[in-house]
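Everything below concerns the one structure shown next.
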Amino acid sequence: MHAIFVHGLGRTPLSGFPMLATLRRAGIRCQTLGYLAAAEPVDAIVRRLGKQIARLPADEPYILIGHSLGGVIIRTLLSASPPQPQLPSHVFLLGSPVQPARLAIKLKTNALFRLFSGDAGQLLGSGPRMAAIGEPTSAGVPCTVIKGTGGMPTGAKGAKLPPFYGEENDGVVSVSEVTAPWQRNNPLCELVSLPLPHTLLPSSPAMGRLIIARLRSSGLIT
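Residue numbers (the numbering used here): 1 to 222.
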């Protein structure tokens, strides 16, 4: 079993080290895809991910793990035509928006944000571009969606605080931004909540243990 981890906006492959270390101890061969959003358009990152997958052994299964923007990159690849010749056995989306992200919408005209986030930041803040990206299950790929809930307060006090105004969130994206109708009542999709903030979703051994448990329950590893 192989795994490829795609990190989030402004992060590096090192952000997934604790999770990947846990996977490696279970015998999973782990790789990462690094990118610099400020210097590389999303389509170029997607193409590099496709080439990295093509180099995997054709007779061995693999999974894809995407944190935040990394999950958007993964979904973009799996939505491409023609489809990948070798599809993943499972996709894990960690705090990955499937709706336009409100922070990106608010900041997309900000010069510093545009410089830092490049084309990726504009994608995250665009309704039409985000809506054009499909879901893994349409290609028959099982998907686990991880919703972080360790963000800003959600009680009466939190209802007064922007940008989430009491909505459940991980500090960067709200639960509504990482969920979509295709995820509900879908036998190929599982929704899981973890009490972690956005930045710690891939930086937790607990995430690695969750992934291992899902792979064992589906018979992909022993």
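Heads up, the beta-carbon is just placed ideally off N, CA and C, and yes, glycines get one too. Predicted model only: the values in this text are computed from it and were never measured.
Pick out whichever of the options has its Cα sitting closest to the Cα of residue i.
| i | options | result |
| --- | --- | --- |
| SER193 | HIS90, GLY118, SER96 | SER96 |
| PRO41 | ALA54, PRO61, SER81, LEU9 | LEU9 |
| PRO197 | LEU103, GLY158, MET152 | MET152 |
| GLY150 | ALA156, SER174, ALA132 | SER174 |
| ILE146 | GLU190, LEU87, MET1 | GLU190 |
| THR179 | ALA111, LEU123, LEU93 | LEU93 |
| ARG55 | SER217, GLY134, THR76, PRO85 | PRO85 |
| ALA132 | ARG11, ALA80, GLY148, LEU210 | ALA80 |
| GLN52 | THR154, LEU77, GLN99 | LEU77 |
| ALA58 | MET19, LEU69, SER89, LEU210 | SER89 |
Identify, in the order they occur along the chain, each residue of the same chain with its Cβ nearer than 8 angstroms to the Cβ of residue i, setting aside the five sequence neighbours on each side.
| i | result |
| --- | --- |
| ALA21 | PRO205, GLY208 |
| ARG29 | MET1, HIS2, ALA3 |
| ALA38 | LEU115, PHE116, SER117, GLY118 |
Apart from the five residues just before and just after residue i, which ones in its own chain have a Cβ nearer than 6 angstroms to its Cβ?
| i | result |
| --- | --- |
| ALA35 | According to the sequence provided, residue 35 is Tyr. The question's Ala does not apply to it. Correct list, in chain order: ILE45. |
Could you give the C-beta distance for residue i and residue j, rounded to a whole number, given that I count them as a contact under 8 angstroms?
| i | j | result |
| --- | --- | --- |
| PRO162 | HIS67 | No, PRO162 and HIS67 are not in contact; Cβ-Cβ is about 24 angstroms, not under 8 angstroms. |
| VAL6 | LEU87 | Actually they are not in contact, since the Cβ atoms of VAL6 and LEU87 sit about 16 angstroms apart, beyond 8 angstroms. |
| GLU135 | ARG75 | 7 angstroms |
| THR32 | GLY50 | With a Cβ gap of about 15 angstroms, THR32 and GLY50 do not count as contacting. |
Take residue i and list the residues in its own chain whose beta-carbon comes closer than 7 angstroms to its own, dropping the five residues that flank it on each side.
| i | result |
| --- | --- |
| ASN186 | THR137 |
| GLN183 | VAL145, CYS189, LEU191 |
Please confirm whether any heavy atom of the ligand ATP lies closer than 7 angstroms to the CB of residue i.
| i | result |
| --- | --- |
| ALA104 | The ligand ATP is absent from the structure shown, which contains no ligand whatsoever. |
Assign residue i to one of two classes, buried (16 or more other C-beta atoms within 10 Å of its C-beta) or exposed (fewer than that).
| i | result |
| --- | --- |
| LEU14 | exposed |
| PRO128 | exposed |
| LEU223 | Past the edges of the chain, shown from 1 to 222, lies residue 223, and the structure says nothing about it. |
| ARG11 | buried |
| LEU124 | buried |
| TYR62 | buried |
| PRO83 | exposed |
| ASP170 | buried |
| SER218 | exposed |
| LEU103 | buried |
Quiz prompt | Those runs of the alpha helix (DSSP H) which lie wholly inside the region 112–172 and span at least 4 residues | solution = 127–131
Practice problem: Pick out the complete beta strand (DSSP E) segments inside the region 10–41, 3 residues or longer, and give them in chain order. | Solution: 29–33
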